[in-house]
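What follows is a short report on a single structure.
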Amino acid sequence: MKKIKIQSSNILLLITVVLFICMYTAGCVVYANKGFTHLQTFLNILINNAGLICVACGTTMVMLSGGIDISVGSVVAMDCMFLAVGMEEWKMNSITLMILVLLIGLVFGLFQGFCIAYLDIQPFIVTMAGLFFARGMTAVICKDQVSIVSDKLFTALSNTKLTIPFGGYVNKKGAMIMPFLRVSVIVAIICVIVTYLILKYTKFGRSIYAVGGNQQSASLMGLNVKKTRLLTHVVASFLASIGGICYCLNTMCGTTTQATGLEMDAISSAVIGGTLLTGGVGNVLGTFVGVLINGTISSLVKSNGKLISSWANIITAILLCFFIVLQAIFAKIKERSKL
Amino acid sequence: MSFPGVKALEDVDFTLKKGEIRALMGENGAGKSTLIKCLTGVNKFQAGEIYLDGIEGPIVNKDTMDAQHKGISTVYQEVNLCPNLSVAENLFIGREPMTKIGTVNRKEMNRRAAELMSNLELDVDVTKNLEEYSLALQQMIAIARAVDMDSKVLILDEPTSSLDDHEVEKLFNMMRNLKSQGVGIIFVTHFLEQVYAVCDGITVLRNGMLVGEYEIEDLPRVKLVAAMMGKDFDDLSAIKKEGDDQVSDELFIEAKGCSHAGTIKPFDLDIHKGEVIGLTGLLGSGRSELARVIYGADKNQTGTLKVDGKEAHINQPLDAMKLGMGLLPDDRKAEGIIGDLSVRENIILALQAKAGPLNKIPYKKQCEIADQFIELLQIKTASRETLIKQLSGGNQQKVILARWLATNPDFLVLDEPTRGIDIGTKTEIQKLVVKLAEEGKSIIFISSEIEEMLRTCNRMAVLRDGQKVGEISGNEMTQEGIMKAIAGGGSDE
Numbered sequence: 007m008k009k010i011k012i013q014s015s016n017i018l019l020l021i022t023v024v025l026f027i028c029m030y031t032a033g034c035v036v037y038a039n040k041g042f043t044h045l046q047t048f049l050n051i052l053i054n055n056a057g058l059i060c061v062a063c064g065t066t067m068v069m070l071s072g073g074i075d076i077s078v079g080s081v082v083a084m085d086c087m088f089l090a091v092g093m094e095e096w097k098m099n100s101i102t103l104m105i106l107v108l109l110i111g112l113v114f115g116l117f118q119g120f121c122i123a124y125l126d127i128q129p130f131i132v133t134m135a136g137l138f139f140a141r142g143m144t145a146v147i148c149k150d151q152v153s154i155v156s157d158k159l160f161t162a163l164s165n166t167k168l169t170i171p172f173g174g175y176v177n178k179k180g181a182m183i184m185p186f187l188r189v190s191v192i193v194a195i196i197c198v199i200v201t202y203l204i205l206k207y208t209k210f211g212r213s214i215y216a217v218g219g220n221q222q223s224a225s226l227m228g229l230n231v232k233k234t235r236l237l238t239h240v241v242a243s244f245l246a247s248i249g250g251i252c253y254c255l256n257t258m259c260g261t262t263t264q265a266t267g268l269e270m271d272a273i274s275s276a277v278i279g280g281t282l283l284t285g286g287v288g289n290v291l292g293t294f295v296g297v298l299i300n301g302t303i304s305s306l307v308k309s310n311g312k313l314i315s316s317w318a319n320i321i322t323a324i325l326l327c328f329f330i331v332l333q334a335i336f337a338k339i340k341e342r343s344k345l
Numbered sequence: 101m102s103f104p105g106v107k108a109l110e111d112v113d114f115t116l117k118k119g120e121i122r123a124l125m126g127e128n129g130a131g132k133s134t135l136i137k138c139l140t141g142v143n144k145f146q147a148g149e150i151y152l153d154g155i156e157g158p159i160v161n162k163d164t165m166d167a168q169h170k171g172i173s174t175v176y177q178e179v180n181l182c183p184n185l186s187v188a189e190n191l192f193i194g195r196e197p198m199t200k201i202g203t204v205n206r207k208e209m210n211r212r213a214a215e216l217m218s219n220l221e222l223d224v225d226v227t228k229n230l231e232e233y234s235l236a237l238q239q240m241i242a243i244a245r246a247v248d249m250d251s252k253v254l255i256l257d258e259p260t261s262s263l264d265d266h267e268v269e270k271l272f273n274m275m276r277n278l279k280s281q282g283v284g285i286i287f288v289t290h291f292l293e294q295v296y297a298v299c300d301g302i303t304v305l306r307n308g309m310l311v312g313e314y315e316i317e318d319l320p321r322v323k324l325v326a327a328m329m330g331k332d333f334d335d336l337s338a339i340k341k342e343g344d345d346q347v348s349d350e351l352f353i354e355a356k357g358c359s360h361a362g363t364i365k366p367f368d369l370d371i372h373k374g375e376v377i378g379l380t381g382l383l384g385s386g387r388s389e390l391a392r393v394i395y396g397a398d399k400n401q402t403g404t405l406k407v408d409g410k411e412a413h414i415n416q417p418l419d420a421m422k423l424g425m426g427l428l429p430d431d432r433k434a435e436g437i438i439g440d441l442s443v444r445e446n447i448i449l450a451l452q453a454k455a456g457p458l459n460k461i462p463y464k465k466q467c468e469i470a471d472q473f474i475e476l477l478q479i480k481t482a483s484r485e486t487l488i489k490q491l492s493g494g495n496q497q498k499v500i501l502a503r504w505l506a507t508n509p510d511f512l513v514l515d516e517p518t519r520g521i522d523i524g525t526k527t528e529i530q531k532l533v534v535k536l537a538e539e540g541k542s543i544i545f546i547s548s549e550i551e552e553m554l555r556t557c558n559r560m561a562v563l564r565d566g567q568k569v570g571e572i573s574g575n576e577m578t579q580e581g582i583m584k585a586i587a588g589g590g591s592d593e
């Protein structure tokens with residue numbers, strides 16, 4: 007039997023998971039009559055947040071390397087707008103467009119990563135420029151405020167229901183309704199698994215942790231710090247673009263204001279999931295649970311019906327504080343035990 | 101391996117034999133780090149050649165990695181590993197064993213790491229994070245990493261400064277172990293005891309020049325200190341003190357059993373009013389640290405401190421300032437000057453802090469004070485509004501001195517106030533110290549130059565390896581007496 011190491015990072019993850027389970031169970035008990043116990047409610051959280059999950063994977067990677075990327079929300083918006091306008095105005099093939107969107111993500115990340123890693127500019131400033139650029143581009147591409155997608159293939163992809171053969175419920179009319187997933191969820195889960203494996207089992211992944219742990223040490227140990235930082239930003243923007251496609255599959259439109267603040271949701275999910283802002287500690291599974299917690303909060307608020315949706319923000323804020331304080335306490339304990 | 105002729109270092113030969121532990125000694129600025137940087141490829145050197153066993157002709161190291169490939173590894177004072185990764189990963193990162201599909205083979209990595217640890221007789225669970233282990237073990241893991249890369253030469257740059265006695269002994273065992281395997285070790289330290297405990301030879305540098313290469317038997321402690329400080333016993337002549345010994349009987353500072361974990365062991369120290377007390381010892385012996393505890397820059401963790409007869413609880417420098425104390429730090433770039441503020445603002449800084457942020461000192465008053473000190477200390481500046489970073493080192497030092505004098509302190513700590521400034525200014529500062537004492541102020545004076553301390557101090561406290569080991573006053577205050585005290589007794593200590 008393998009002993010489970012108890013380390014502060016694990017404890018944080020454990021607390022996150024326990025918290026999620028508690029919240030969800032509480033929801034099931036309190037809002038049982040509003041369908042909270044249905045498997046579909048849980049799946050809806052996944053469906054609604056598929057884009058965010060992809061984006062948050064990238065954000066987690068960047069945070070692990072000790073950086074930050076606040077451009078991703080705008081990149082998602084730009085991607086959606088590009089897809090929508092591309093299909094509606096330029097009448098382009100949706101497959102080509104999706105490939106183009108991914109390429110745009112790569113180039114975007116390459117440029118940001120180059121500025122950060124090789125020109126040694128603060129990641130916050132570089133990605134803030136990226137944020138403004140992408141948001142501005144969104145408006146420039148767009149003719150109206152909103153562009154709605156009607157492309158056949160894309161609509162079909164968006165409407166595909168992946169039915170799950172169990173966990174259904176009988177509705178008021180007596181028909182059996184089976185729970186279902188969307189394509190975007192599958193994409194998001196693949197993103198989580200792939201990033202998890204990259205971080206844990208590849209040289210690149212381990213370098214990210216080393217750079218995040220101590221950049222100077224990493225370079226003295228012969229790791230290519232600059233290349234690692236560049237690549238994390240490329241991967242983050244690429245994942246943001248995948249997230250953009252997922253997001254568009256959900257909303258089926260491009261608007262100038264959509265996905266505003268998505269980068270902050272991604273960062274908060276990562277922090278709630280146990281990723282340290284200073285880098286080096288955390289993993290994407292935690293982030294995944296973090297996203298679920300955020301999703302559960304909004305579901306709870308929605309189920310209540312009386313509260314306005316902004317309460318979700320306040321609860322998230324409280325949770326964030328809780329986790330940051332917790333991290334600080336663990337850091338202090340560690341420091342104490344060393345002396 | 102030999103290494104002749106570098107400019108910042110001048111004409112230094114350095115030889116290290118296989119299976120030898122050689123101490124590299126010297127005071128600040130002696131050129132130890134420059135020498136090491138040349139060896140490891142961090143610095144380029146203009147003249148001279150390095151030869152390494154097994155490689156024909158002189159070798160050139162492009163960077164630290166290159167040096168490492170050739171077999172020269174360095175372990176630095178601060179552990180340069182990643183605390184958030186496992187021990188095994190720290191040992192193998194950058195050269196991990198891979199599986200066939202190109203992922204990191206963790207099993208193999210952990211197995212080899214465990215093997216390496218048991219070879220070095222270290223009791224470490226390699227899958228745990230590095231931060232779970234003490235600094236000493238981390239240090240040894242860093243060494244293990246270096247050793248595993250087939251090092252022929254291992255450079256240990258002050259590896260013991262954060263270790264306790266037991267941990268140091270462990271490290272030494274490991275060094276002896278490596279030595280028997282034929283690894284040559286360069287050991288940089290300023291702990292004399294440790295040199296005599298583990299080294300075979302000593303190379304002493306001073307002012308970028310080679311003083312000599314000695315076998316350990318040929319160089320007793322006192323001679324080593326003399327070699328480092330640059331005084332031969334023959335021409336030691338007592339220097340007449342200029343200040344007079346009229347010291348008040350009243351105590352200003354009374355410290356009993358004060359300490360700060362990791363920097364200075366418990367000490368007692370009395371300082372009279374109007375007295376200049378010198379803290380002497382080699383670099384890293386705890387001179388500055390002792391003063392920092394009294395001033396509250398490092399928290400006093402044990403013992404009691406009485407200031408002017410009353411027990412004082414100094415938790416932060418501001419408390420100390422309110423008690424009439426001031427500290428002139430030794431690293432004026434990092435702790436002293438604020439380069440982008442003007443001379444006036446730098447002078448007024450401590451006074452303003454003491455007055456509190458709400459009682460802004462009127463501009464006119466500020467100018468008056470600034471002008472007064474520029475005049476008094478003869479600070480050479482274009483105007484009081486010149487930015488301090490445009491001044492020379494000596495004048496910057498005077499500005500900081502002025503900052504503390506402006507608060508009209510009863511007690512001043514001057515940590516290396518004359519380092520890096522010209523002779524003329526040095527003498528002025530020494531005179532000023534004596535004058536301040538005559539006015540009834542108490543002063544702690546710290547300097548690496550014994551001569552200077554003899555000229556200014558009434559009494560001296562001697563420190564060694566983070567501990568106050570004695571006091572010298574009166575007739576014992578000669579260069580020879582001080583050096584003997586610094587060097588300590590025999591190797592049985």
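The listed protein sequences correspond, in order, to chains A and B. Using this note's numbering, you'd call the opening residue of the first sequence number 7 and step up by one each time. Using this note's numbering, you'd call the opening residue of the second sequence number 101 and step up by one each time. Ideal Cβ positions, reconstructed from N, Cα and C, are used throughout, including at glycine.
Checklist entry - With 9 Å set as the bound, which would you pick, yes or no: does the beta-carbon of Ala585 of chain B sit closer than that to a beta-carbon of chain A? => result As a first step, residue 585 of chain B is located in the second sequence; it is residue number 485 there, counting from the start. Ala585 of chain B does not count as touching chain A.
Item to check | For Pro366 of chain B, the three-state DSSP class (helix, strand or coil) | outcome: On the second sequence, position 266 is the one that residue 366 of chain B refers to. Looking at Pro366 of chain B - three-state DSSP - the assignment turns out to be strand.
Checklist entry - In chain B, which residues lie with their C-beta within 7 Å of the C-beta of Tyr207 of chain A? => result The residue you call residue 207 of chain A lines up with position 201 of the first sequence. Thr203, Val204, listed in chain order.
Item to check | alpha helix (DSSP H) segment containing Gly292 of chain A, residue limits | outcome: Within the first sequence, residue 292 of chain A is the residue found at index 286, counting from 1. Counting along the chain, the alpha helix (DSSP H) containing Gly292 of chain A begins and ends at 290 to 310.
Checklist entry - Can you name the start and end residues of the alpha helix (DSSP H) that Cys557 of chain B belongs to? => result Taking the first residue of the second sequence as position 1, residue 557 of chain B is located at position 457. Segment: none, Cys557 of chain B is in no alpha helix (DSSP H) and carries neither H nor E.
Next on the checklist: Does chain A have any CB closer than 9 Å to the CB of Glu194 of chain B?
Outcome noted: Along the second sequence, read from residue 1 onward, the residue named residue 194 of chain B stands at position 94. The sequence given here has Gly at residue 194 of chain B, not Glu. Closer than 9 Å to the CB of Gly194 of chain B there is at least one CB belonging to chain A.
Checklist entry - Under three-state DSSP, which class holds Leu124 of chain B? => result The count along the second sequence starts at 1 and reaches residue 124 of chain B at position 24. When secondary structure is reduced to three states using DSSP, Leu124 of chain B falls in the strand class.
Item to check | Thr262 of chain A Cβ short of 8 Å to the ligand ATP heavy atom set | outcome: In terms of ligand content, the structure shown is empty, and the ligand ATP therefore cannot be addressed.
Next on the checklist: Is there a Cβ of chain B sitting closer than 9 Å to that of Gly218 of chain A, yes or no?
Outcome noted: As a first step, residue 218 of chain A must be located in the first sequence, where it is residue number 212. Against chain B, the CB of Gly218 of chain A has a partner CB under 9 Å away; the residue lies at that interface.
Item to check | Amino acids of chain B, ordered along the chain, whose beta-carbon sits closer than 9 Å to that of Gly286 of chain A | outcome: Residue 286 of chain A sits at position 280 when you count from the first residue of the first sequence. Ordered by position in chain B, the residues that pass the 9 Å Cβ test against Gly286 of chain A are Cys182, Pro183, Asn184, Leu185.
Item to check | Cβ-based burial, Pro517 of chain B [other Cβ within 10 Å; buried from 16] | outcome: Taking the first residue of the second sequence as position 1, residue 517 of chain B is located at position 417. Buried, because 16 or more other Cβ atoms sit within 10 Å of the Cβ of Pro517 of chain B.
Checklist entry - Should Gln168 of chain B be flagged as near chain A, meaning a C-beta pair shorter than 9 Å? => result Locating residue 168 of chain B in the second sequence gives position 68, where the first residue counts as 1. So yes, Gln168 of chain B belongs to the interface.
Next on the checklist: Is Asn190 of chain B close to chain A? Criterion is C-beta to C-beta, closer than 9 Å.
Outcome noted: Position 90 of the second sequence, counting from 1, holds the residue named residue 190 of chain B. Chain A contact via Cβ: present.
Next on the checklist: Quick check on Gly284 of chain B: does DSSP put it in helix, strand or coil?
Outcome noted: The residue labelled residue 284 of chain B in the question sits at position 184 within the second sequence. Note: Gly284 of chain B maps to strand in three-state DSSP.
Checklist entry - List, in order along the chain, the chain A residues whose C-beta lies closer than 7 Å to that of Thr164 of chain B? => result Taking the second sequence and counting its residues from 1, one reaches residue 164 of chain B at position 64. Near Thr164 of chain B (Cβ distances below 7 Å), the residues of chain A are Leu226.
Item to check | Whole-angstrom C-beta distance between Ile353 of chain B and Ile394 of chain B, which should lie under 8 Å | outcome: Numbered from 1 along the second sequence, position 294 holds the residue referred to as residue 394 of chain B. Numbered from 1 along the second sequence, position 253 holds the residue referred to as residue 353 of chain B. Indeed they touch by this definition, with Cβ atoms about 6 Å apart.
Next on the checklist: Buried or exposed, going by whether 16 or more other CB atoms sit within 10 Å of the CB of His372 of chain B?
Outcome noted: Working through the second sequence from its first residue, we reach residue 372 of chain B at position 272. Buried: at least 16 other Cβ atoms inside 10 Å.
Checklist entry - Roughly how far, in whole angstroms, is the beta-carbon of Val533 of chain B from the beta-carbon of Ala391 of chain B, given that I think they are within contact range, below 8 Å? => result The residue labelled residue 533 of chain B in the question sits at position 433 within the second sequence. The residue labelled residue 391 of chain B in the question sits at position 291 within the second sequence. Contact annotation, Val533 of chain B with Ala391 of chain B: C-beta distance approximately 15 Å; criterion of less than 8 Å not satisfied.
Item to check | Through-space distance from Cys467 of chain B to Arg484 of chain B, alpha-carbon basis | outcome: Here residue 484 of chain B is taken as the residue at index 384 of the second sequence, counted from 1. Here residue 467 of chain B is taken as the residue at index 367 of the second sequence, counted from 1. Per the coordinates, the alpha-carbon of Arg484 of chain B lies some 8 Å from the alpha-carbon of Cys467 of chain B.
Checklist entry - Using a beta-carbon distance below 9 Å, is Lys340 of chain B in contact with chain A? => result Stepping through the second sequence from its first residue, residue 340 of chain B is reached at position 240. Any reading at Lys340 of chain B needs caution, since the residue's pLDDT is 38, under 50, leaving its predicted position unreliable; the model's value is listed next. No, its Cβ sits nowhere closer than 9 Å to a Cβ of chain A.
Item to check | Assigned secondary structure, Asp248 of chain B (DSSP; H/G/I helix, E/B strand, else coil) | outcome: Taking the first residue of the second sequence as position 1, residue 248 of chain B is located at position 148. The answer is helix: DSSP assigns Asp248 of chain B an H, G or I state.
Checklist entry - Shortest alpha-carbon distance to Phe497 of chain B belongs to which of B:Ala506, B:Arg519, B:Thr507? => result If you number the second sequence from 1, residue 497 of chain B lands on position 397. Sequence check: residue 497 of chain B is Gln here, not Phe. Of the listed residues, the one whose Cα sits closest to Gln497 of chain B is B:Arg519.
Item to check | Cβ-based burial, Leu159 of chain A [other Cβ within 10 Å; buried from 16] | outcome: Taking the first sequence and counting its residues from 1, the one referred to as residue 159 of chain A is at position 153. The C-beta of Leu159 of chain A has fewer than 16 other C-beta atoms within 10 Å across all chains shown, which makes the residue exposed.
Checklist entry - In chain B, which residues lie with their C-beta within 8 Å of the C-beta of Arg212 of chain A? => result To locate residue 212 of chain A, count along the first sequence from 1; it is residue 206. Listed by position along chain B, the residues whose Cβ is nearer than 8 Å to that of Arg212 of chain A are Leu185, Glu189, Ile193, Glu196, Val204.
Next on the checklist: Against Glu231 of chain B, what residues of chain A qualify as contacts under a CB-to-CB distance less than 8 Å, listed in chain order?
Outcome noted: Here residue 231 of chain B refers to the residue found at position 131 of the second sequence. In chain order: Lys340.
Checklist entry - Start and end of the beta strand (DSSP E) containing Leu427 of chain B? => result Translated into the one-based positions of the second sequence, residue 427 of chain B becomes position 327. Judged by DSSP secondary structure, Leu427 of chain B falls within the beta strand (DSSP E) whose first and last residues are 425 to 428.
Checklist entry - Which ranges would you report for the beta strand (DSSP E) in the stretch 155 to 223 of chain B if only whole runs of at least 3 residues count? => result List check, beta strand (DSSP E) in window: 172 to 175.
Checklist entry - If you measure from the beta carbon of Ser275 of chain A to each beta carbon in chain B, is any gap under 9 Å? => result Sequence index remark: in the first sequence, residue 275 of chain A carries index 269 (1-based). At least 9 Å separates the CB of Ser275 of chain A from every CB of chain B.
Next on the checklist: Taking only three categories from DSSP, how would you classify Ser547 of chain B?
Outcome noted: As a first step, residue 547 of chain B must be located in the second sequence, where it is residue number 447. Reduced to three states, the DSSP call for Ser547 of chain B is coil.
Item to check | Assigned secondary structure, Cys86 of chain A (DSSP; H/G/I helix, E/B strand, else coil) | outcome: Here residue 86 of chain A is taken as the residue at index 80 of the first sequence, counted from 1. Helix, per DSSP.
Item to check | Local Cβ density within 10 Å of Gly41 of chain A, reported as buried at 16 or more and exposed below that | outcome: For this step, residue 41 of chain A is matched to residue 35 along the first sequence. By the neighbour-count criterion, in which a residue is buried when 16 or more other Cβ atoms sit within 10 angstroms of its Cβ, Gly41 of chain A is exposed.
Checklist entry - Does Arg212 of chain B get closer than 9 Å to chain A when you measure Cβ to Cβ? => result Taking the first residue of the second sequence as 1, we reach residue 212 of chain B at position 112. Not one chain A Cβ lies under 9 Å of Arg212 of chain B.
Checklist entry - Taking only runs of the beta strand (DSSP E) that begin and end inside the stretch 100 to 144 of chain A, which ones reach a length of at least 3 residues, in chain order? => result Fully enclosed beta strand (DSSP E) runs of 3 or longer: not present.
Checklist entry - Exposed or buried, Ser247 of chain A, counting other C-beta atoms within 10 Å across all chains shown (16 or more means buried)? => result The sequence position of residue 247 of chain A within the first sequence is 241, counting from 1. It is buried - the Cβ of Ser247 of chain A has at least 16 other Cβ atoms within 10 Å.
Next on the checklist: Quick check: the Cα distance between Cys148 of chain A and Gly142 of chain A, rounded to an integer number of angstroms?
Outcome noted: Mapped onto the first sequence, residue 148 of chain A falls at position 142. Mapped onto the first sequence, residue 142 of chain A falls at position 136. If I take the Cα positions, the gap works out to 10 Å.
Next on the checklist: Distance check for Gln146 of chain B and Gln579 of chain B, CA to CA, integer angstroms please.
Outcome noted: What you label residue 579 of chain B is simply residue 479 of the second sequence in a count that begins at 1. What you label residue 146 of chain B is simply residue 46 of the second sequence in a count that begins at 1. Computed Cα separation, rounded: 37 Å.
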